[in-house]
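Under the working numbering, read the sequence shown as residues 1120 to 1380, first letter to last.
By construction, the Cβ of each residue, glycine as well, lies at the ideal position given by its N, Cα and C atoms.
Small disclaimer: the values here were computed from a predicted structure and weren't measured.
Some notes on the structure that comes next.
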Amino acid sequence: MSNLDQALKLACERHAGQVDKAGQDYIQHPLRVMQNVQHPQAKICAVLHDILEDTPTTIDELNVWGFEQKVIDAIIAVTKVNGENRFQAVQRTVRNPIACEVKLADLSDNMDLSRLPKISAKDLIRYKQYQKVQEILKEAYAIHQHVNALDLDAEYPKFEYGSMRFNFQYLLNALFDQLHPLGGNQIGSPQEWWILFEDASEYFAYCKRKKLRPSPKHFIQLFNSTDRDFFGSSFQTLADQDVLMDVYNNLLSHHFTKDIA
């Protein structure tokens, strides 16, 4: 029996007799979530995403059933614990890429108000909260997808999701490490030039918060200023500036849509 089959069996057993807000068998919800995620580990997590929160199932049982640790970690990351509201819970979810994918699919299903026989004021309040959580998760998932797309070496410093500024600083450095020409000031170790993008990453984070399109000119100015202050203008050649524009365009394409002002 595959891990997904095991997950389906366990979910059907543990959610048996439960119904959703529309009065339908609850198991239909995790099944719909499963259908709306792509990765195999995400599908297993999707089937089990409510099993710790809404059934007596424990983490130890998930280990006994033989689920991968990555899947169990993702299930924990999407589980709201006692005393948490959804805005507190999402701060744990954003750190896990599998959990982000699953929670986005979960929210999409929960936000389908057409399944409810009657929409109450409470439903509308919850819907607005879902929208805010969805926005937070979309930003986080875009960061995780971008890091994954870089296909960094196993020896490269592992990414750990943090503040928006930190996330952009990691990406800017990783892109610079990948794209910088091997010559002149050769990059010797991963993230060696971390401080070069300290001001630039804060600028990108500010633009993201304000829904503004970052200016390439301002990005280059911030980089060059930091380079002068800390590295004696070591990265001022035309080749260096071309690399910076490639870094800028790459980050822009992943995190700033064309309709941003």
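Rounded C-alpha distance that separates Leu1331 from Tyr1325: Your numbering for residue 1331 matches position 212 in the sequence shown. Your numbering for residue 1325 matches position 206 in the sequence shown. So the alpha carbons of these two residues sit roughly 8 Å apart.
Which of helix, strand or coil DSSP assigns to Asp1272: Counting from one through the sequence shown, the residue named residue 1272 turns up at place 153. Coil at Asp1272, not helix or strand.
DSSP bridge partner residues for Val1138 (one or two, in chain order): Residue numbering aside, residue 1138 sits at position 19 when the sequence shown is read from its first letter. According to DSSP, which records beta bridges pairwise, Val1138 is partnered with Asp1144.
Secondary structure, alpha helix (DSSP H): runs of 4+ residues fully inside the stretch 1133 to 1213: If we require 4 residues or more, the alpha helix (DSSP H) runs fully inside the stretch 1133 to 1213 come out as 1147 to 1154, 1159 to 1166, 1170 to 1173, 1178 to 1183, 1188 to 1197, 1205 to 1212.
Residue nearest to Ser1121 in terms of C-alpha spacing, selected from Ile1163, His1148, Leu1370: Sequence index remark: in the sequence shown, residue 1121 carries index 2 (1-based). The shortest Cα separation from Ser1121 among Ile1163, His1148, Leu1370 belongs to Ile1163.
At least 3 beta-carbon pairs within less than 8 Å: the stretch 1130 to 1149 vs the stretch 1170 to 1181: With a cut-off of 8 Å, the stretch 1170 to 1181 and the stretch 1130 to 1149 count as touching, because enough Cβ pairs lie within range.
Same chain, Cβ closer than 7 Å to Thr1176, five either side skipped, listed in chain order: The count along the sequence shown starts at 1 and reaches residue 1176 at position 57. So the list reads Arg1133, Ile1170, once near-sequence residues are dropped.
Ala1381 and Leu1298 closer than 9 Å at C-beta: Absent from the structure is residue 1381, since the part of the chain shown begins at 1120 and ends at 1380.
Beta-carbon proximity of Asp1290 to Pro1333, cut-off 9 Å: Within the sequence shown, numbered from 1, the residue matching residue 1290 stands at position 171. Within the sequence shown, numbered from 1, the residue matching residue 1333 stands at position 214. Residue 1290 is actually Leu in this sequence, not Asp. Not closer than 9 Å, so no.
Same chain, Cβ closer than 8 Å to Leu1256, five either side skipped, listed in chain order: In the sequence shown, residue 1256 corresponds to position 137, counting from 1. Once the five neighbours on either side are set aside, the close Cβ partners of Leu1256 are Val1209, Thr1212, Val1213, Cys1219, Lys1222, Leu1223, Leu1226.
Own chain, CB closer than 7 Å to Leu1301, minus 5 neighbours either side, in chain order: Translated into the one-based positions of the sequence shown, residue 1301 becomes position 182. Low per-residue confidence applies at Leu1301: pLDDT is 49, beneath 50, and the placement is therefore not dependable, though the value from the model is reported in the following sentence. Here the set comprises nothing.
CB of Asn1155 within 9 Å of CB of Asp1272, strictly: What you label residue 1155 is simply residue 36 of the sequence shown in a count that begins at 1. What you label residue 1272 is simply residue 153 of the sequence shown in a count that begins at 1. Cβ atoms of Asn1155 and Asp1272: not closer than 9 Å.
Cβ neighbour criterion (16 or more within 10 Å) applied to Asn1267: As a working note, residue 1267 is residue 148 in the sequence shown. Exposed.
Delimiting residues of the alpha helix (DSSP H) encompassing Asn1292: If you number the sequence shown from 1, residue 1292 lands on position 173. Start and end: 1283 to 1298.
Ile1262 vs Tyr1275 beta-carbon contact at 9 Å: On the sequence shown, residue 1262 is found 143 positions in, with the first residue counted as 1. On the sequence shown, residue 1275 is found 156 positions in, with the first residue counted as 1. Result no, Cβ atoms of Ile1262 and Tyr1275 do not sit closer than 9 Å.
Phe1316 beta carbon less than 9 Å from that of Phe1350: For this step, residue 1350 is matched to residue 231 along the sequence shown. For this step, residue 1316 is matched to residue 197 along the sequence shown. The answer is no: Cβ separation not under 9 Å.
For Val1166 and Val1152, the rounded distance between their alpha carbons: The residue given as residue 1152 occupies position 33 in the sequence shown. The residue given as residue 1166 occupies position 47 in the sequence shown. About 7 Å.
Under 9 Å between C-beta atoms of Ala1141 and Arg1234: Residue 1141 sits at position 22 when you count from the first residue of the sequence shown. Residue 1234 sits at position 115 when you count from the first residue of the sequence shown. Their beta carbons are under 9 Å apart, which means Ala1141 touches Arg1234 by this criterion.
Classification of Ile1217 by the beta-carbon crowding that lies within 10 angstroms, buried from 16 upward: The sequence position of residue 1217 within the sequence shown is 98, counting from 1. That one is buried.
Cα-Cα separation between Leu1357 and Gln1253, rounded to whole angstroms: Taking the sequence shown and counting its residues from 1, the one referred to as residue 1357 is at position 238. Taking the sequence shown and counting its residues from 1, the one referred to as residue 1253 is at position 134. Each residue's Cα considered, the two are about 41 Å apart.
Straight-line gap, Arg1245 to Leu1363 (C-alpha atoms, nearest Å): In the sequence shown, residue 1245 corresponds to position 126, counting from 1. In the sequence shown, residue 1363 corresponds to position 244, counting from 1. A direct Cα-to-Cα measurement between Arg1245 and Leu1363 gives close to 43 Å.
Helix, strand or coil at Glu1317 [DSSP, three-state]: Against the sequence shown, residue 1317 aligns to sequence position 198. Helix at Glu1317.
Assigned exposure category for Ile1238 - 16 Cβ within 10 Å defines buried: Within the sequence shown, the letter at position 119 stands for residue 1238. With fewer than 16 other Cβ atoms within 10 Å, it is exposed.
Helix, strand or coil at Ser1233 according to DSSP, with G and I counted as helix: Taking the sequence shown and counting its residues from 1, one reaches residue 1233 at position 114. Of the three classes helix, strand and coil, the one that applies to Ser1233 here is helix, per DSSP.
Euclidean distance between Cα positions of Tyr1249 and Leu1243: Reading the sequence shown from its first residue, position 130 is the one you call residue 1249. Reading the sequence shown from its first residue, position 124 is the one you call residue 1243. Distance from the CA atom of Tyr1249 to the CA atom of Leu1243, rounded to whole angstroms, is 10 Å.
Asn1122 in three-state terms, based on DSSP: As a first step, residue 1122 must be located in the sequence shown, where it is residue number 3. If DSSP states are grouped into helix, strand and coil, Asn1122 belongs with the helices.
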